[in-house]
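Working notes, structure below.
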């Protein structure tokens, strides 16, 4: 690593205004989708370079489906299109935060729920960890 | 994959109440930390099995630092301890959501800011993408 390579320049990456997303060894960057009004965290997914380019070009969220190994226009079949209101990037530019509004019924999770995070991880006094479903999201 | 292995049983993983976190090929699970009152997304980091166990046991966020290759008790030196108010897991149990309160000055990012997501990704009419710092978070 040398300071002459902007990709390795921490100051430029952290304080600069040049977008230089860092994709991991699988060519993916993490993306957190949040409902733009309520700030409810909806899902965490991944984009490859093409998905990110399509997201920026269309204003709708495109991901890379790791399970299907294919480009994924979120909501293409369900109508639950995620329209981007704002995209942010974190300090070291290896994670994106998407503020979105959701089409159709406003759902997000493939289980039909509005968010993928519908279970609380609970550890009781004996140290046993169990999941608890939230009443309003079952 | 067989249906007799609970780890491969999608119904158990998605609808069950047994916590079976899925670590990736590097032994890590993604964790999104959110301020528990404001729901502001603070950071995205990673936990290995030990970090997750310590988080559950102590009620404070422990991560695995990929840059330092070491266990990381967030706030250990800065005082910006993240106390867990609630932990959630997503549908396929490969991502955690932490609702936290932050100690000391309430900061999170190593740059000194309250959140790691202090820059907006903006694409202008000509298709040029630039970052914009938020006034209240510079």
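Protein chains in written order, with the numbering used here: chain A, 12 to 149; chain B, 12 to 149.
Ideal Cβ positions, reconstructed from N, Cα and C, are used throughout, including at glycine.
Fair warning: this is a prediction, and the values are worked out from it, not measured in the lab.
{"Item": "Closer than 8 Å to chain A by CB, residue 98/B", "Value": "yes"}
{"Item": "Test: residue 69/B CB closer than 8 Å to a CB of chain A", "Value": "no"}
{"Item": "Residue 46/A classed as buried or exposed, judged by whether at least 16 other C-beta atoms fall within 10 angstroms", "Value": "buried"}
{"Item": "Nonlocal neighbours in the same chain, by C-beta distance under 8 Å from residue 81/A, ignoring five residues either side", "Value": "75"}
{"Item": "Whole beta strand (DSSP E) elements within the stretch 83-120 of chain B, 3-residue minimum", "Value": "93-100, 106-113"}
{"Item": "Run of the beta strand (DSSP E) containing residue 130/A, from where it starts to where it stops", "Value": "130-134"}
{"Item": "Alpha-carbon spacing of residue 73/A relative to residue 88/A, whole angstroms", "Value": "13 Å"}
{"Item": "Residue 134/B at chain A interface by Cβ criterion, 8 Å", "Value": "yes"}
{"Item": "Cross-chain neighbours of residue 130/A in chain B, by beta carbon under 8 Å", "Value": "28, 99, 100"}
{"Item": "Range covered by the beta strand (DSSP E) that runs through residue 46/A", "Value": "40-46"}
{"Item": "Interface flag, residue 127/B vs chain A, CB-CB below 8 Å", "Value": "yes"}
{"Item": "Short CB-CB distance (under 8 Å) between residue 84/A and chain B", "Value": "no"}
{"Item": "Whole-angstrom C-beta distance between residue 126/A and residue 95/A, which should lie under 8 Å", "Value": "Between residue 126/A and residue 95/A the Cβ distance is about 18 Å, and since that is not below 8 Å, they are no contact."}
{"Item": "Environment of residue 98/B [buried if 16+ CB atoms lie within 10 Å]", "Value": "buried"}
{"Item": "Of the residues 92/B, 114/B, 103/B, the one placed nearest residue 23/B, counting alpha carbons only", "Value": "103/B"}
{"Item": "Burial state of residue 33/B, where buried means 16 or more other Cβ atoms lie within 10 Å", "Value": "exposed"}
{"Item": "Residue 141/A in three-state terms, based on DSSP", "Value": "strand"}
{"Item": "Residue 94/B: contacting residues in chain A (beta-carbon distance under 8 Å)", "Value": "Chain A residues near residue 94/B: none, gap ~14 Å exceeds 8 Å."}
{"Item": "CB contact check: residue 141/A to chain B, cutoff 8 Å", "Value": "yes"}
{"Item": "Status (buried if at least 16 other CB within 10 Å, exposed otherwise) for residue 42/A", "Value": "buried"}
{"Item": "Straight-line gap, residue 122/A to residue 49/A (C-alpha atoms, nearest Å)", "Value": "21 Å"}
{"Item": "As assigned by DSSP and simplified to three states, the class of residue 28/A", "Value": "coil"}
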